[in-house]
Structure formats: structure tokens, C-alpha cells
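Top to bottom, those sequences are chains A and B. The numbering of the first sequence is our numbering, which starts it at 2 and goes up by one. The numbering of the second sequence is our numbering, which starts it at 2 and goes up by one. Backbone N, C-alpha and C fix where the C-beta goes; we use that ideal spot for every residue, glycine too. Everything on this sheet refers to the single structure shown next.
Number of protein chains: 2
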Amino acid sequence: MLNNSQYIEKLRSSGLRPTKQRIKICEVLFNTEKTFHFTINELVKKISKSTNDKISLATVYNTIHAFKNKGYLKEIPINSDQSYFDTNTSHHHHFYDESQRDLIDIDEADVEPVKIYTRIPGKKIKSVEVLVKVEDDKS
Amino acid sequence: MLNNSQYIEKLRSSGLRPTKQRIKICEVLFNTEKTFHFTINELVKKISKSTNDKISLATVYNTIHAFKNKGYLKEIPINSDQSYFDTNTSHHHHFYDESQRDLIDIDEADVEPVKIYTRIPGKKIKSVEVLVKVEDDKS
DNA sequence: CAACAGTTTAGAACAGTTATAATGTAGAAA
DNA sequence: TTTCTACATTATAACTGTTCTAAACTGTTG
Ligand SMILES: [Mn+2]
Ligand SMILES: [Mn+2]
Ligand SMILES: [Zn+2]
Ligand SMILES: [Zn+2]
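Structure representation (C-alpha cells):
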């Protein structure tokens, strides 16, 4: 739940001018009670529903990538079909429901911190992500 | 390190007839000292190097997918650029070197088993995968 | 060996993503 | 406020990895 001047700040700090298209994208992404996961296609649909103006795909991709680079969005690797993004940028893990093709957050407190007893010389750890794939109980 | 009759068995049990193209693919995949990770593109290059016959892309994709479905290969979710596969089908985790775009196995013994204290009603866990992204130490 | 079901293949089609270049606009300067 | 310019938007083309197609080919079975 943010107001316009906060969107403008988010855009400026991502190196983007605050245009009306980008502010609309911000509203859809950040003016929500809860964080959520999305594909670009789903986001574009959400945007069309919430405005009469049409925003081009290129603008959506550009804005999403700028936010991702700035750390205002995370990309979640699921498979190679399409990109999944997350408006929850805190450190957390995921269930992936393969039947529903649905990503679900796992609260940080619900996962024992992952301990890794080996390193790669000359490399430092950037992130540790756990993906728990689930399916219908009966199947 | 397997012999031809073992490849034939792998193919048959995957629902595929043992043709010479598919046996060549088996050799490249399974006739190695160590397991390895690959993209389809890398695999096709490896195949061309090890034979004079050309094997079509469609045959490679079909065979890889049959092996994946049967569990003789695993797909590792990294990003949406392309699919990464693994001839190591045992339960293990990965480092992903973002500078080198390189996947590296983490030995099962080098990761504390991941404990998850929450479940999704009606769903059962299919897999738990840890991806540790690393980058050059200086950067 | 004949017959057929399954296989290979080149290339087309497709989907997601990125690039292009003409037109439009935000914001700064005058 | 008007003018100017760097940056943004857009439609659409290009690109890339993957899947599909349909004709030619081959392994297998009788
Ligand atoms: Mn996939
Ligand atoms: Mn990506
Ligand atoms: Zn999440
Ligand atoms: Zn591996």
C-alpha cells in the first residue's frame, strides 16, 4: 500500500522517469495488501483490467527488468517455460504446486536455515533458495 | 560407463525403440566417468563431435524428454533462458555460478537436510531442491 | 521377406522475450 | 509559459529455445 510519490521514488531510484504508464505498473505491483507472484502475461492481464489505457508489452518488460535489477522484484527460477516474478523481495523460499502451476511463499520461520558445508574457491554466495515441488496427495 | 545392452534397456523402459541415433545419444549421456550438466545446445555439439552422422534436433529433444519423464535425467530450474539437464539423478543440490553460467553439484553430505515446518493441505512433497547462487568473490 | 508401426528428419510453427525506430512526452532551461 | 531535448512509448520485427508436422525411412514382428 503505497502512494504516488513512493512510486515516483521507486521509479527514479531504478533509473526510470515516472511516466503515467510506469506509475500504473507500480500500482498493480505494489498497491496491494499482500505480495504476489506473477508471469509477464498475468501481469499484463492485470494491468488491462485495472485501466482503460493500453500499456505496451515493451514498457512492461522494461519496467519489470529495471525493478528486478534494482531489487524491487525477484525472479524465481521454476522452469524454462516462462519467467516468474515475486513482489516479495525478502529472503524466503517457495512451494511450487505442479498441478496448479502455482507458487506459494514459505515463511522464513518455517524453514530451518540451510547449512552448506562446502564452498567454491574464489566465489561468494549470493543467495540460497529452496524450491519445494508439491503435487496432489492422491496422484 | 555402460554397454550397449544397457542403453537398449534404458531406451525400451522409456518407451523408445533402440535406434542407432538414440544409442548414440545414450553413449554421450551415460558413457562417462562422471555425471554432468548440459543444455540441449551443448549436448547437440557434444554429439556432433563424437559422430560423423548427424542427429536431428527433434530426435535429441524427444529422447531427452522421454529420459526425463522416466527419471533417467533431471531438469534443473535455473532461469527461463534455456533448460538445464543433469545426468546425476540422485538427490543433490547445486551451486550456480552466475559469472561462468555453470552448474556445480553439491554433495548430499555437504548440505544439512532441509527441514520444512509447514505443509500445503492436500499436497504431498515431490522434491526439495536447494540452489546456491555464487559470484566472483571480488564483485 | 513383407507389412506396418514407430522413427528420423528438415523445416515450419510457436511462445516468450528483446530489439528497432518512428512518434510522443517529462522535465529542465530560457 | 514556451521551447528544447533526452528519454519513453509503441507497434511491430527479430530472435531464441522448443515443439509440431508430414514425408521419407527403418526396426520389428509374423
Ligand atoms: Mn520445462
Ligand atoms: Mn532470466
Ligand atoms: Zn515468493
Ligand atoms: Zn547436478
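If you draw a straight line from the alpha carbon of Ile117 (chain B) to that of Ala110 (chain A), how long is it in whole angstroms?
9 Å
What is the rounded straight-line gap between the Cα of Phe39 (chain B) and the Cα of Val129 (chain A)?
Taken atom to atom, the span from the alpha-carbon of Phe39 (chain B) to that of Val129 (chain A) is near 22 Å.
Give, in chain order, every residue of the segment 81 to 95 of chain B whose Cβ lies closer than 7 Å to some Cβ of chain A.
Cβ contacts with chain A come from Ser81, Gln83 and Ser84.
Am I right that Ser14 (chain A) and Lys71 (chain A) are in contact with their C-beta atoms under 8 Å? What's the rounded C-beta distance?
6 Å
According to DSSP, is His38 (chain B) part of a helix, a strand, or is it coil?
DSSP places His38 (chain B) in the strand class (E or B) of the three-state scheme.
Please return the same chain residues whose Cβ sits closer than 6 Å to the Cβ of Gln22 (chain B), not counting the five positions on each side in sequence.
Excluding residues up to 5 positions away in sequence, Ile56 and Thr60 lie with their Cβ nearer than 6 Å to the Cβ of Gln22 (chain B) in the same chain.
Flag this pair as touching only if the segment 81 to 89 of chain A and the segment 71 to 83 of chain B have three or more C-beta atom pairs under 8 Å; answer yes or no.
yes
Quick one, which of A:Ile107, A:Ser51 and A:Asp138 has its alpha-carbon nearest Glu28 (chain A)'s?
Nearest C-alpha to Glu28 (chain A): A:Ser51.
Taking 7 Å as the cut-off, is the CB of Asp137 (chain A) close to at least one heavy atom of ligand 4?
no
Tell me which residues of the segment 17 to 33 of chain A have at least one Cβ-Cβ distance to chain B shorter than 9 Å, keeping chain order.
none
Is it buried or exposed for Lys46 (chain A), if we count other Cβ within 10 angstroms and need 16 for buried?
exposed
Please name the residues in the segment 112 to 130 of chain A whose beta-carbon is closer than 8 Å to at least one beta-carbon of chain B, in chain order.
Val112, Glu113, Val115, Lys116, Ile117, Tyr118, Thr119, Ile121, Gly123, Lys124, Lys125, Ile126, Lys127, Ser128, Val129 and Glu130
In the DSSP assignment, what residue or residues form a beta bridge with Phe141 (chain A)?
Residue numbering for chain A in the displayed model covers 2 to 140; residue 141 (chain A) lies beyond these limits and cannot be assessed.
What are the partner residues of Ile126 (chain A), as DSSP defines its beta bridges?
B:Val135
If I follow the unbroken alpha helix (DSSP H) through Glu28 (chain B), where does it start and stop?
Lys21 to Phe31
Starting from Lys69 (chain A), find everything on chain B with Cβ-Cβ shorter than 8 Å and list it in chain order.
Neighbours of Lys69 (chain A) on chain B: none; closest Cβ ~12 Å, over 8 Å.
If you measure from the beta carbon of Glu136 (chain B) to each beta carbon in chain A, is any gap under 8 Å?
yes
Starting from Glu10 (chain A), follow the alpha helix (DSSP H) in both directions and report where the run begins and ends.
Asn5 to Ser14
Rounding to the nearest angstrom, what Cα-Cα distance links Thr88 (chain A) and Leu58 (chain B) in this structure?
37 Å
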